[in-house]
Amino acid sequence: MSTDVVHNSDARRFEVRDGDVPAVLEYQLVPGRIVFTHTGVPKDMEGRGIGGALARAGLEHARRHDLAVRPVCPFVAAYIARHPEYADLVR
Numbered sequence: 010m011s012t013d014v015v016h017n018s019d020a021r022r023f024e025v026r027d028g029d030v031p032a033v034l035e036y037q038l039v040p041g042r043i044v045f046t047h048t049g050v051p052k053d054m055e056g057r058g059i060g061g062a063l064a065r066a067g068l069e070h071a072r073r074h075d076l077a078v079r080p081v082c083p084f085v086a087a088y089i090a091r092h093p094e095y096a097d098l099v100r
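First residue of the sequence shown? That's 10 in this note's numbering, and the numbers climb one at a time after it.
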């Protein structure tokens with residue numbers, strides 16, 4: 010199983026595919042900000058670090074594009090709390 014994260018900008022989400030149902034990190038864009046709204050990992054993909062890979066990809070995207078982050082999704086908020094190198098993005 011691959012943990013390669015793909016940015017699906019048309020659907021406004023980051024994805025990891027393994028079968029029919031992808032793991033996703035969904036977001037909304039507002040001027041100068043990315044709002045992470047939901048992380049979903051199918052049961053058969055849990056425990057493999059996929060949620061963390063999605064969060065990391067989304068946060069790195071925000072950094073590259075100089076976007077502030079609003080982590081509405083509890084998973085992303087907890088990820089940032091565990092990885093202080095991303096705390097500067099929450100502004």
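Cβ atoms here follow ideal geometry from the backbone N, Cα and C, with glycine treated the same way.
So residue i and residue j are in contact, right, with Cβ under 8 Å, and what is the actual spacing, rounded?
{"i": "residue 25", "j": "residue 59", "result": "5 Å"}
Quick check on DSSP: helix, strand or coil for residue i?
{"i": "residue 77", "result": "strand"}
{"i": "residue 24", "result": "strand"}
{"i": "residue 14", "result": "coil"}
{"i": "residue 57", "result": "coil"}
{"i": "residue 100", "result": "coil"}
Which word fits residue i, buried or exposed, when buried means at least 16 other C-beta atoms lie within 10 angstroms of its C-beta?
{"i": "residue 38", "result": "exposed"}
{"i": "residue 35", "result": "buried"}
{"i": "residue 93", "result": "exposed"}
{"i": "residue 15", "result": "exposed"}
{"i": "residue 67", "result": "buried"}
{"i": "residue 71", "result": "buried"}
According to DSSP, residue i sits in a beta bridge with which residue or residues?
{"i": "residue 47", "result": "35"}
Residue i: beta carbon under 7 Å from a heavy atom of the ligand ATP?
{"i": "residue 48", "result": "In terms of ligand content, the structure shown is empty, and the ligand ATP therefore cannot be addressed."}
Note the first and the last residue of the continuous alpha helix (DSSP H) segment covering residue i.
{"i": "residue 85", "result": "83-91"}
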